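What the sequence shown shows, in my numbering, is residues -12 to 296, in sequence order.
Every residue gets a Cβ at the ideal spot worked out from N, C-alpha and C, and that includes glycine.
This structure is a prediction, so every number in the text was calculated from the model and none was measured.
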Amino acid sequence: MGLKARTIKAVIRKKIDAWLESIEDEDLRKLCAKEVIVTGGCIASMQLGEKINDFDVYLRTKETVERITDYYVEKFLAKRKPQEGIPVDIRRESLKDSNGRDRVRIVVKSAGVANVDQETDYAYFEGRPDHEAGEYLEEAFDPLSDVDIEPVPDTMPDFEPVFLSSNAISLKGKIQLVIRFFGDPDEIHENYDFAHCTSYWTPDGLVLRPEAMEALLTKELRYQGSRYPLCSIIRTRKFIQRGWRINAGQYLKMVMQLQEMDLKDPKVLEEQLTGVDVAYFSQMIHRLMEKDPTKVDTAYLTEIIDRMF
-12 MGLKARTIKA VIRKKIDAWL ESIEDEDLRK LCAKEVIVTG GCIASMQLGE
38 KINDFDVYLR TKETVERITD YYVEKFLAKR KPQEGIPVDI RRESLKDSNG
88 RDRVRIVVKS AGVANVDQET DYAYFEGRPD HEAGEYLEEA FDPLSDVDIE
138 PVPDTMPDFE PVFLSSNAIS LKGKIQLVIR FFGDPDEIHE NYDFAHCTSY
188 WTPDGLVLRP EAMEALLTKE LRYQGSRYPL CSIIRTRKFI QRGWRINAGQ
238 YLKMVMQLQE MDLKDPKVLE EQLTGVDVAY FSQMIHRLME KDPTKVDTAY
288 LTEIIDRMF
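See the structure below:
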């Protein structure tokens, strides 16, 4: 049974207050408290009465995103297990994307992703079953069985960084701090593909968008346009596995947007794969760049995909 709006507000407020309390830098804590936005699947999950996978947290300004990224990268490096005595280059980088928009990312040299418990460099599951990459990411978190969000007893405190990718910082306690995007809710949702995930919470309250409510009631994927249509096409798999429906018209909208993208540009291809199967595609992009950093060779790409999947 789904939760009422006031309960959803209380759950998110409790989770965010606990996260903010864990930030030791007082000035940074105040900035985050002022700028925090929660949106995405957690609100939809609570409305449907489903398990919350994580709370997607965004911030409004690039400056605050840079500061919180530096803060957690430093904490992560302080606790990460050594890689057989070889230091791994993990750092924050600020840059422009292929469309000239500001972005922040985490660079993990050679691997692209990092887990706090890694003993050796991350293996990319070549020749392994397709589901293993997803399981690797899920294992970075402790399962949240219901909406009781009291901290789970463990040797590591809640809100410690446990997993880094170029786009997000995953904290124990089900907080996923998304650094790839920032801005007001409307700006953030320009990167969202399906309508049911566009309700959001800020310190001012909970906003339940009518189009999101309608899509949830019917469990129908409604594509609203996105900067990342390739990611959207791939993401439909997980929703279909969970019982969602999608009509052919939604796919046509995604394909029409996708045909405007130059996927033979490795930078564009990397951006279009934002948020999907990072364990596979990070390595794929790395290999493509080694062969020819200026152009995607379709035959070589096909060979890599067939070997990886």
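- Going by DSSP, glutamate 147 is part of no alpha helix (DSSP H) at all; its letter is neither H nor E.
- The C-alpha of aspartate 252 lies about 10 Å from the C-alpha of glutamate 258.
- Annotation: phenylalanine 63 to alanine 235 spans about 44 Å, alpha carbon to alpha carbon.
- Beta-bridge annotation (DSSP): valine 194 is paired with Tyr187.
- Fewer than three pairs of CB atoms, one per stretch, sit closer than 8 Å, so the segment 176 to 183 makes no contact with the segment -11 to 1.
- When DSSP reads this structure, glutamine 163 sits in a beta bridge with Asp43 and Ser157.
- Two segments are said to touch when three or more pairs of C-beta atoms, one from each, lie closer than 8 Å; by this definition the segment 146 to 158 touches the segment 81 to 95.
- For threonine -6, the enclosing alpha helix (DSSP H) stretches over residues -8 to 9.
- In this model, glutamine 244 and serine 269 are separated by some 23 Å (Cα to Cα).
- Judged by their CB atoms, aspartate 43 and glycine 27 are nearer to each other than the 8 Å cut-off.
- Take the alpha-carbon of glycine 192 and the one of leucine 208: they are about 26 Å apart.
- When rounded, the separation of the alpha-carbon atoms in arginine 0 and tryptophan 231 is 29 Å.
- Contact check for proline 190 against valine 23 passes: the beta carbons are separated by less than 8 Å.
- In the structure shown, the three-state DSSP call for aspartate 14 is helix.
- In the three-state reduction of the DSSP assignment, serine 152 falls in the strand class, which pools E and B.
- In the DSSP annotation of this structure, the continuous segment of the alpha helix (DSSP H) that includes threonine 51 starts and ends at 49 to 66.
- In this model, glycine -11 and methionine 33 are separated by some 6 Å (Cα to Cα).
- For leucine 82, the enclosing beta strand (DSSP E) has its first and last residue at 77 to 83.
- Under the rule that a run must span 3 or more residues, the beta strand (DSSP E) segments found entirely inside the segment 191 to 249 read 192 to 194.
- Within the same chain, and ignoring the five residues on either side of aspartate 249 in sequence, the residues whose Cβ sits closer than 8 Å to its Cβ are Val255.
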